[in-house]
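Student:
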Amino acid sequence: MLTLFLASVLSASTDSLDHTDEEHRGKRMRVTPDPPAPLQDWYPWDNKLACTIDILMHLPRSVFSHRQLDIFLWVLNANGVTNTPSVKSLQKSQAALHERHGIRTLSYKGALGHNYSVNSLADIIAHEMANPRTRKDLHFFPEDAGTQVNEYWQASHWREEANLDKLTPMFAINGQHHYVFEPCILEDRTVCMPYRFIARAGHYYAQAWPLYVHSSFTADRQAPVQRWIVARYQTIEVPVEKIAVGFVSWSASSMSYDLPDCCEIMGCLDDPNGSLAPWDLTDPKVGNRWRRLAKGARVVAFPIWLYCDDTSGNVSKKWNKHNSFLFTPAGLPSSRVHEEYNIHFLCTSNLAPPLEMLDGIVEQLEETWSTGVWAWDAVHQERVLVIPSVAALLGDNPMQSELACHVGLAGKLFCRVCTVTRSGNGDNVDSTDIDDRDSNTGDGNASEGTSGGSEAGGSGRNVGHGKKKVETMAEMVTRVKEFVNIGNLRRKEDSIEKLRSIFTMAKTTGNQTQIKAMKTKFGLKDTFLEHFLDRLSAAAKNKKSKVARQTALDACASTFPLDEGKLYSPVWRINGLDPHTDTPVEILHVVLLGFVKYFWRDVIQNQIKNNEAKKDLLATRLSDLDVSGLGISKLAGRTLVQYAGSLTGRDFRVIAQVAPFVIHDLVTPRCYDAWISLAQLVPLIWQPKIPNINTHLVTLRSLINQFLASVARWNPQWFNKPKFHILLHLVEHIRRFGPAALFATEGFESFNAIIRAKSVHSNRLSPSRDIALAFAQGYRVRHFLSGGLVRFRPLPSTTTPMIQVPLPSMLVDAGDAGRWYPVGPMPHQLVASPNAVTTYLGIDYSLIAPQLGKYKPDKFGPRPYAQTQCGRHFPNQPNIPPKELKSNMFTTGKSVVLLNGDVCDVGTYVLVKEHPSANSESSAPMIARVEEILSRSGTSNNVKGWPDIILLQDITISDSIEPYKMPATTLSNNFRLLPLDVSACEAVPFGPFVELNILLQWLLCTTNLQHQCAVHNCKATGTTYVRQERQITEQTRSAMVHTHPQDMVLNTARIRDNVHMEYFRRSNEVDLEQAVMDGVKDAIDRRKHAQALVADEDAPATEASTASRGQGRGRGRGRGRGRGQRQAQGGTQ
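Heads up: the sequence shown runs through residues -16 to -1, 1 to 1117, numbered per mature numbering (1 follows the signal peptide of the UniProt record, and there is no 0).
1. Could you pull the start and end residues of the alpha helix (DSSP H) that G621 belongs to?
2. Cα separation between K527 and E481?
3. Could you tell me which residues DSSP puts in a beta bridge with D267?
4. Between the Cα of P382 and the Cα atoms of G855, K465, N307, which residue gives the shortest distance?
5. Please report the distance separating the alpha-carbon of F155 from that of N559.
6. Strictly by DSSP, which residues pair up with W289?
7. If you follow the beta strand (DSSP E) that N31 is in, where does it begin and where does it stop?
8. I'd like the span of the alpha helix (DSSP H) that includes A522, first residue to last.
9. The alpha helix (DSSP H) spanning T497 covers which residue range?
10. Helix, strand or coil: which one does DSSP assign to G251?
11. Using the rule of at least 16 other Cβ atoms within 10 Å of the residue's Cβ for burial, across every protein chain shown, is H187 buried or exposed?
12. Could you tell me which whole beta strand (DSSP E) segments of length 3 or greater appear in the region 292 to 367?
13. Let me make sure I understand the geometry here. Which of L253, D254, H161, L277 has the alpha-carbon closest to that of S233?
14. How do the region 191 to 198 and the region 172 to 180 stand: do at least 3 beta-carbon pairs fall below 8 Å, yes or no?
15. Hey, quick one: how far does the beta strand (DSSP E) through K840 stretch, first residue to last?
16. DSSP three-state call for I486: helix, strand or coil?
17. Might you give, ordered along the chain, the residues of its own chain that have their beta carbon closer than 6 Å to the beta carbon of I249, omitting 5 neighbours on each side?
18. From what residue to what residue does the alpha helix (DSSP H) around Q160 run?
19. In the structure shown, what three-state DSSP assignment does I1039 receive?
20. Tell me which same chain residues have a C-beta within less than 8 Å of the C-beta of F708, skipping the five on either side of it?
21. Grouping DSSP H, G and I as helix and E and B as strand, with all else coil, what is A908?
22. Can you tell me whether T823 is buried or exposed? The criterion is at least 16 other CB atoms within 10 Å of its CB, across all chains shown.
23. Applying the 10 Å Cβ sphere with the 16-neighbour rule, what's the burial state of H50?
24. Taking 8 Å as the cut-off, decide whether the C-beta atoms of L624 and I639 are in contact.
25. Quick one, are the C-beta atoms of A114 and G772 less than 8 Å apart?
26. Could you spell out the range, first to last residue, of the alpha helix (DSSP H) harbouring W212?
27. Where F516 and E351 are concerned, what is the direct C-alpha to C-alpha distance, given to the nearest angstrom?
28. Whether or not the region 915 to 927 and the region 862 to 873 are in contact is what I'm after, with contact meaning three or more pairs of Cβ atoms, one per stretch, closer than 8 Å; do they touch?
29. Whole angstroms is fine: what's the gap from M41's alpha carbon to S743's?
30. If you measure between the beta carbons of L988 and N1035, is that distance less than 8 Å?
31. Between the C-alpha atoms of A285 and L122, what's the straight-line distance to the nearest angstrom?
32. If I measure Cβ to Cβ from A430 and keep anything under 6 Å in the same chain, skipping five residues before and after, which residues do I get?
33. Which of helix, strand or coil does DSSP assign to C389?
34. With H, G and I counted as helix, E and B as strand and the rest as coil, what does DSSP make of S529?
35. Give every residue of the same chain whose Cβ lies closer than 6 Å to the Cβ of Y839, excluding the five residues on either side of it in the sequence, and list them in chain order.
36. By alpha-carbon positions, which one of Y1047, E386, L508 ends up nearest to R484?
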């Protein structure tokens, strides 16, 4: 890719190089430069060379060191490019360009004593609003889509729960700007006060509180005074078109409309029978403060997903921890929100902890809440005022616990959302749950008869000294039942009050023990506050008298910030955010790197153990598995088995979809039931579109209970791992924030590689500043090439190198939003078509759409209709002239791209609408196998690359079959053509990009079928040659041999397209409490059996053997050489 870009750079200053030896032999090669382009064509760059080198240096995944850049410039000189700049001059000009047009990088002296840098959140948001590629997809209003929840703005958090101050406060219509918290008059003369604007079916509505007139007498007036009371206990909803008179018109008009003055608000009622509360949301005489700040401009809300994670700044195994904050606009649709193009870097540091850097981010947020962010709106082509907010905090479990000021997964109150308690021997927790990273650390996972994490029966690892009390059956039942239920939810206000009580106690001497007990009791750990607590503790240390200690504490406390709120975590200052409820379950680490990883390692380490024959069989089954319809390549079975401790989230995503078909006779029945339950649950969790949120959550809750019940029956020791409890909160988080894929972190995790690359190519002297500046430079280039206006900051010529200044005629003066200029046309031509740069920047996403519906011809040429499979099964085609049927006009294809992006090869199984005219959401689909893809020469479809006919062979679906608990299928003898009427093939609109063949709308998606190996006891008795380096070798390996190959099972564990697969998945109502009782009983029985075996082994066979074991407690450091052993051996020493 970079070679192609190098060619573009070379062409910047060279027109042609004549390589004809006869003409130029012995002559010096001449370089003909390009004719100079008009100065503004490359604005804001000076010329093409400056533009292309700047792009090359700041591509996100193409990081250049100074030494590499020297070599690159040498290549340019060697190829005849003259006047190439030096590295130093390049850096100087790019710094000036960035200072004038880029985003600012702000330096902070942290409250905990560390220096760090943060890219300006306001600048990034302003550029996003001016970026046409992003702005056209941004949403600013919540939407009521009925039961459908596909996006965050359709979920209840934005629609019902979000802080009213952080929502879009106004709606512009008919030349008026209507703001929330301002009285208005409707067409029917009803008076109300809007408090939220929402969208529904393409129209906008105001949710409002009714206003009622209240008459009262005062001491100095004889006539009653009429004022308004806001009935906040009642909500009405009106179309915005029905607002006749807004606040400004009403207050400015000399007409009274026979109503009290709109500025006379007496108070508000939250309960019809309650007392009157003062109105404090606005100044009634002024109205909404955003109206004054906006000065006639639009005002919009801009919620973000804020993410924090730690990653290593080194490529080597040496850990160099960098905590980083990233964000992505929450108003983007799910199809775009996780694109690398839309992930924005804020800050990183290998010194400052997350909460210290968050303090700087919150300072920026607080400033924007006060004044807003001025920007240029690329859609409305006008200035706009933006109100940022944080929708939720994303990260893995340890990071979310830290952000929520929670004690962590190892604490007694291990859940950041509720106050569920780990009691008894549940105090022990596996270290991998605490770390929560995709590492190679062993999990100690449980299987039947083995211990996982900590022993539920009390014989597990002890944390601390002393022998733990053995847990009784009743205690274990109580503990497990509490674990699989949600406790009392934590509340932001309660946590702040508890932290205040801890700080108050810390300022008084002699309370260290009580403070430690309070932290354990509350399950809270504010690492920001801990800094100040440690300073207090250190100040009083080594002071002998109580008076001296108190004096030292007072002196230390006097140095703290006067605003006590600055002593606590900055997360508490984020308005509208509760870190306990707004840290949604992160499904990557909880499910894939949690349950799937636990179970797979258990299969390899505990179920199969050292049985090499079973491992070989498992690897063979994985390698021979049919992966068609899963969207993945053939599996490397040996890798998945041999390196089970080193797999990634992508590997576990595949394992979750195929495990039920390869482990059925390698694990215990209860272990297999847990796998089946997990396989049914995972697709529902990753479902990106939810047609009906009510039924979806009911089904999800049922499948979660089914999963927990199967795990409880298998072994309740698993419930020492906190993730099994955290899963319970996912249902509520999906209801509030939308599909779980929206707040998944795969995209952010991938971004860590870019942060690492920036770190490696810095001088490591000031990594926080250098990495932030590198990202800011890359963001500048991204914005320049995205087609939007760029902000121009005039700089003193005495301190800035000469760079190009735009023509005054190009100026867009946006007032408070600054001056903006368009980028010249020539840089846009560099990214007008797909190339290396568009791939690196991720700006060619829309180019995927034209591939939908296209078919790929096979190697066979055109032939008559009768020689095709369609012709053999359906020889009569009344809509096609007989002459055409006999001519070579029919071409077969080997694959076609379905409308959902699936590549459907011949022989692939697909889901088809049962009735082509029926709505796919309301009718159950059928299953078929694609037998032939046919295109007829000369038709409009053929010209566009679309198929005309698709031959399908029906699949018969039966009831669920054991042990898979999935529908059994068999290949029928019934064939059908799509379409039934060839004339039905026509173009239909598909989004803004392309028209597609209606034929393909009948094919919903590909699907995956597996052979019923467990039923027919298939063996690995075959052999196949091994491929290495894309060549077939003479080596062979075992291969599966299937009997009754027509007997298949529908793989309902397939993650993609679950909205269609849900018709074939059945959830069974389970009694979770009974499952817990059964599992605990079995666990107690296994413990008794194990204790009996130990007792038999320890029973003395002879007095001599008893004497040889010695007496007393062993305290020796040697292996088994305690005091009793040394006494018994004393005669020989």
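C-beta: ideal position from N, C-alpha, C; glycine also.
Tutor: Taking the geometry as given:
1. 621 to 626
2. 30 Å
3. G271
4. N307
5. 23 Å
6. T312, A376
7. Where N31 is concerned, there is no enclosing beta strand (DSSP E), given that its DSSP letter is neither H nor E.
8. 511 to 524
9. 496 to 506
10. strand
11. exposed
12. 305 to 313, 328 to 333, 357 to 361
13. H161
14. yes
15. 839 to 841
16. helix
17. W212, W263, P268
18. Looking at the DSSP string, Q160 is not in any alpha helix (DSSP H); the run it does join, the beta strand (DSSP E), is 160 to 163.
19. coil
20. F467, V468, F579, L692, V695, W702
21. coil
22. exposed
23. exposed
24. yes
25. yes
26. From DSSP, W212 is part of no alpha helix (DSSP H) but of the beta strand (DSSP E) over 209 to 215.
27. 25 Å
28. yes
29. 15 Å
30. no
31. 10 Å
32. Residue confidence is low: A430 scores 40 on pLDDT, short of 50, so the model does not pin down where it sits. Its coordinate-derived value is still stated next. Only G436, N699, Q701, W702 meet the Cβ criterion.
33. coil
34. coil
35. G877, V880, I917, P931
36. L508
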